[in-house]
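Have a look at the structure below, then the notes.
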Amino acid sequence: MQLEAGRTAAVTRAFYILLIAVFVLAPLFVVVAVSLNRVAFTAFPPRGLSLRWYQAVLTDPQWRASLTVSLWIAAVASLLAACAGTLGAIGLHRGRFPGRDALVAGFLSPIVLPGLITGLALLFFFARLRWTGTNFALVLGHVVITFPYVLRVVLGSLVRETATLEEAAMTLGADELTTFRRITLPLARPGILAGTIFAFIISFDNITISLFLTAPRTVTLPIRILEHVQWAGTPAVAAISSLFVFLTVALALVVERTVGLHRVVGEETVGFG
Amino acid sequence: MGSVNVEQVTKRYGSVTAVDQLSFLVREGEFVSLLGPSGCGKTTTLRIIAGLTRPDGGGVEISGRNVNDVPAYQRNIGMVFQDYALFPHMIVAENIAFGLRMRGVPVAQIRDRVRRALELVQLPGLEDRYPRQLSGGQQQRVAVARGLAIEPAVFLLDEPLSNLDLKLRMQMRLELRQLQQKLGITTVFVTHDQGEALNLSDRVIVMDAGRIVQSGSPVEIYEQPRTRFVAEFIGESNFFEGEVVDARNSRAVVRTPAGLLLQSAASAPMARGERVLVVVRPERIHVVRDAEGTAANHVRGRIEHISYSGASTRYLVRLQTGQAVLVDVPAPTHGLGEMVSLTWEAERSRIVQENGSAGGTT
Numbered sequence: 000m001q002l003e004a005g006r007t008a009a010v011t012r013a014f015y016i017l018l019i020a021v022f023v024l025a026p027l028f029v030v031v032a033v034s035l036n037r038v039a040f041t042a043f044p045p046r047g048l049s050l051r052w053y054q055a056v057l058t059d060p061q062w063r064a065s066l067t068v069s070l071w072i073a074a075v076a077s078l079l080a081a082c083a084g085t086l087g088a089i090g091l092h093r094g095r096f097p098g099r100d101a102l103v104a105g106f107l108s109p110i111v112l113p114g115l116i117t118g119l120a121l122l123f124f125f126a127r128l129r130w131t132g133t134n135f136a137l138v139l140g141h142v143v144i145t146f147p148y149v150l151r152v153v154l155g156s157l158v159r160e161t162a163t164l165e166e167a168a169m170t171l172g173a174d175e176l177t178t179f180r181r182i183t184l185p186l187a188r189p190g191i192l193a194g195t196i197f198a199f200i201i202s203f204d205n206i207t208i209s210l211f212l213t214a215p216r217t218v219t220l221p222i223r224i225l226e227h228v229q230w231a232g233t234p235a236v237a238a239i240s241s242l243f244v245f246l247t248v249a250l251a252l253v254v255e256r257t258v259g260l261h262r263v264v265g266e267e268t269v270g271f272g
Numbered sequence: 000m001g002s003v004n005v006e007q008v009t010k011r012y013g014s015v016t017a018v019d020q021l022s023f024l025v026r027e028g029e030f031v032s033l034l035g036p037s038g039c040g041k042t043t044t045l046r047i048i049a050g051l052t053r054p055d056g057g058g059v060e061i062s063g064r065n066v067n068d069v070p071a072y073q074r075n076i077g078m079v080f081q082d083y084a085l086f087p088h089m090i091v092a093e094n095i096a097f098g099l100r101m102r103g104v105p106v107a108q109i110r111d112r113v114r115r116a117l118e119l120v121q122l123p124g125l126e127d128r129y130p131r132q133l134s135g136g137q138q139q140r141v142a143v144a145r146g147l148a149i150e151p152a153v154f155l156l157d158e159p160l161s162n163l164d165l166k167l168r169m170q171m172r173l174e175l176r177q178l179q180q181k182l183g184i185t186t187v188f189v190t191h192d193q194g195e196a197l198n199l200s201d202r203v204i205v206m207d208a209g210r211i212v213q214s215g216s217p218v219e220i221y222e223q224p225r226t227r228f229v230a231e232f233i234g235e236s237n238f239f240e241g242e243v244v245d246a247r248n249s250r251a252v253v254r255t256p257a258g259l260l261l262q263s264a265a266s267a268p269m270a271r272g273e274r275v276l277v278v279v280r281p282e283r284i285h286v287v288r289d290a291e292g293t294a295a296n297h298v299r300g301r302i303e304h305i306s307y308s309g310a311s312t313r314y315l316v317r318l319q320t321g322q323a324v325l326v327d328v329p330a331p332t333h334g335l336g337e338m339v340s341l342t343w344e345a346e347r348s349r350i351v352q353e354n355g356s357a358g359g360t361t
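Protein sequence lines correspond, in order, to chains A and B. Note that numbering that gives the first Met the number 0 has the first sequence beginning at 0, numbered continuously upward. Note that numbering that gives the first Met the number 0 has the second sequence beginning at 0, numbered continuously upward.
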């Protein structure tokens, strides 16, 4: 009896999870399906299978330019975010000073603030400096919204025991720099890697900050996709979007394998196994 | 080998004084325990010796050299932390080799010294394991091996046995003491466990509220506590409050408010009329059916509770004065509710001050 009841519960749960997965993932499948169209409009289900739209976007100079710009910005921004976030996390982990919690909240605020507000604020700020429309300002804007993710993951990976381990290293004869290199950094490395990858994804995907800060000539990939949907609407946009999805999934897998996705996106309770 | 001289060391955290003008000396090769309840400043003192915490006042000398401005990594100390603090990303061999590398020991020698360190703690052959693959007891031994491999001037241990289960704790206690005696290494051991302190140490320093309450050999600390705090914290004690009515030749007679006259050894000169406490350990009291014999002290009472624990039996005896007295006897020879006489020799009890002449306990 009990076994029977347990099985029913398990089946119900599995069905429920499947339902959620379908609900969340179905739109993505539609996008991928549409990208495989042979015809020149976004038919679903696709009319005839072909990879022609993938070829089209990857050879089109405009799509290529946007892809390149987005990759570059994401790469530079996530590297800068990695440095800022890691150093910030190490400083916060070491120090027990008044106002520390307020400082953490301040650093993490770009995660909770609406991107539109952050974008507007950055626009006003850079306008004062006459930096608007430069790639430099765009990258800095992306650093602002991505480094909190690095900070949070690295801070999470530097647990209380890390401080004791650093002290142990010191008693064994390691000076501050050696302790940082041999103990702190290796322990924080998975966190730094995961945080950086996540920063890369956030930057690559970002549209609100970019809308405020891009020059007329630099069109990032998300902006290009938006424009394309508005004006043309061929399956090319589905093809580039599918590539986008594949890249993100691949990076998310790397994060999951290194530190676990739940440590980046939310609280411990999420757990992916 | 080195000595440690702690002089007038003070450490404050906000309005709390964790360590209050503390001074003591650890001689070469000596095993000294800092014993006290949590928050008494013992761990802070150890961290100040190690150079991990900066004192607000006073100074520390290691082997005669003032190390106030010497960072932890140049003090040549070995330290074992309460949670072992093994580096999780390094195998056992790398953990032990860490301190040797920092000292620039040639690679060829490191291998040999790691092996010898592991043999010392009876864990040969575990070089390639990661700490998480070891049991708690093994981790503890690796931590000891890591601390000793660098041949430090002073060995510092911060409650190293408190995370082990009882049986392992007893075994490690013995091994730690044998190891220390074999190497003759100057050791400072922090613990809140009086059994550990009595067992291991050449000398026990009892601390309370950042100060030394009493310092002496384990026998002195247990047999001649100077304050109520020491008598209560180390072992168990019966206390009789009273007033000195006679004192001569390191003996005193104390009268309790209920009219009991107790004779006791007194370590310090007493004045007539002084208010004091007579301390008697439960195992120093004998139980007889009728008051006869020549013992200096005897009181009557009824056995109110018996707890049998194999090697000894504890009676709770309610005196006619209403006071409860704990008595430990080797074998249970009396029954519940029985009227008995309790006797003890004057040499078997001590007189202490309520607040301690040893200075400033609370």
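Where a beta carbon is used, it is the ideal one built from N, C-alpha and C, also for glycine.
Item	Value
Rounded to the nearest angstrom, how far is the Cβ of V203 (chain B) from that of L156 (chain B), given a contact under 8 Å?	About 14 Å; that fails the 8 Å criterion.
Against D174 (chain A), what residues of chain B qualify as contacts under a CB-to-CB distance less than 9 Å, listed in chain order?	P70, Y72, Q73 and M101
In the segment 28 to 76 of chain B, which residue ranges form an unbroken alpha helix (DSSP H) of at least 4 residues, counting only runs that do not cross its ends?	41 to 49
Please classify S108 (chain A) as buried or exposed, where buried requires at least 16 neighbouring CB atoms within 10 angstroms.	exposed
Pick helix, strand or coil for V252 (chain B), following the three-state DSSP scheme.	strand
Output, in chain order, the set of chain E residues within a Cβ distance shorter than 9 Å of D55 (chain B).	Of the protein chains in this structure, namely A and B, none is chain E.
Touching or not, the segment 107 to 125 of chain A and the segment 167 to 183 of chain A, by the rule of three or more beta carbon pairs under 8 Å?	no
Let me know if L17 (chain A) comes out buried or exposed under the rule of 16 or more other beta-carbons within 10 Å of its beta-carbon.	exposed
Do V31 (chain B) and D201 (chain B) count as a contact pair if the criterion is CB distance below 9 Å?	yes
Residues in the segment 151 to 169 of chain A with C-beta within 8 Å of chain B's C-beta atoms, listed in sequence order?	E160, T163, L164, E166, A167, A168 and M169
Mind checking which residues open and close the beta strand (DSSP E) that includes E240 (chain B)?	N237 to R247
Taking DSSP as the reference, what is the three-state secondary structure of R140 (chain B)?	helix
Counting only beta-carbon separations shorter than 9 Å, does R181 (chain A) have a partner in chain B?	yes
If you measure from the beta carbon of T177 (chain A) to each beta carbon in chain B, is any gap under 9 Å?	yes
Which residues mark the beginning and the end of the beta strand (DSSP E) in which F106 (chain A) is found?	Unbroken run through F106 (chain A) is the alpha helix (DSSP H), R99 to V111; no beta strand (DSSP E).
When Cβ atoms are compared, which residues of the segment 207 to 234 of chain A fall closer than 9 Å to chain B?	none
So Q20 (chain B) is in the beta strand (DSSP E); what residue range does that whole segment cover?	V15 to V25
For A32 (chain A), which residues of its own chain have a beta-carbon under 7 Å away from its beta-carbon, when the five flanking residues on both sides are left out?	F43, P44 and P45
Does the beta carbon of P113 (chain A) sit closer than 9 Å to a beta carbon anywhere in chain B?	no
With a Cβ-Cβ cutoff of 9 Å, do F125 (chain A) and T117 (chain A) count as a contact?	no
Any beta carbon from chain B within less than 9 Å of L192 (chain A)'s own beta carbon?	no
Taking only three categories from DSSP, how would you classify Y83 (chain B)?	coil
List the residues of chain A that I149 (chain B) touches, going by C-beta distances under 8 Å, in chain order.	L171 and G172
To the nearest angstrom, report how far apart G359 (chain B) and V351 (chain B) are at their CA atoms.	Confidence is the limiting factor: at G359 (chain B) the pLDDT is only 35, short of 50, which leaves the residue's position unreliable, though a coordinate-based value still follows. Cα to Cα, the separation comes out at about 14 Å.
Could you check where the beta strand (DSSP E) with S134 (chain B) kicks off and where it finishes?	Taken as a continuous stretch (DSSP letters only), S134 (chain B) belongs to no beta strand (DSSP E), as it is neither H nor E.
To which residues of the same chain is Q139 (chain B) closer than 7 Å at the C-beta, ignoring the five residues directly before and after it?	Y83, P159, L163 and M171
Just by C-beta distance, which residues in the segment 33 to 50 of chain A are closer than 9 Å to chain B?	none
Determine the closest residue to Q362 (chain B) out of B:V278, B:R100, B:T255 and B:D192, with distance taken between C-alpha atoms.	Within the shown structure, residues of chain B are numbered from 0 to 361, placing residue 362 (chain B) beyond reach of any answer.
May I ask which residues mark the beginning and end of the beta strand (DSSP E) holding G215 (chain B)?	R210 to G215
Per DSSP, D157 (chain B) is paired with what?	B:V189
Mind checking V158 (chain A): buried by the 16 CB within 10 Å criterion, or exposed?	exposed
Identify which residue in A:G155, A:V30, A:L139 and A:I196 has its Cα closest to the Cα of F211 (chain A).	A:L139
The beta strand (DSSP E) with Q262 (chain B) in it runs from where to where?	L260 to A264
Throw me the rounded Cβ distance for the S65 (chain A) and V218 (chain A) pair, which I believe falls under 8 Å.	5 Å
By DSSP, does A130 (chain A) sit in helix, in strand, or in coil?	It should be noted that the sequence gives Trp, not Ala, for residue 130 (chain A). Reduced to three states, the DSSP call for W130 (chain A) is coil.
With a cut-off of 9 Å, does the C-beta of L155 (chain B) fall near any C-beta of chain A?	yes
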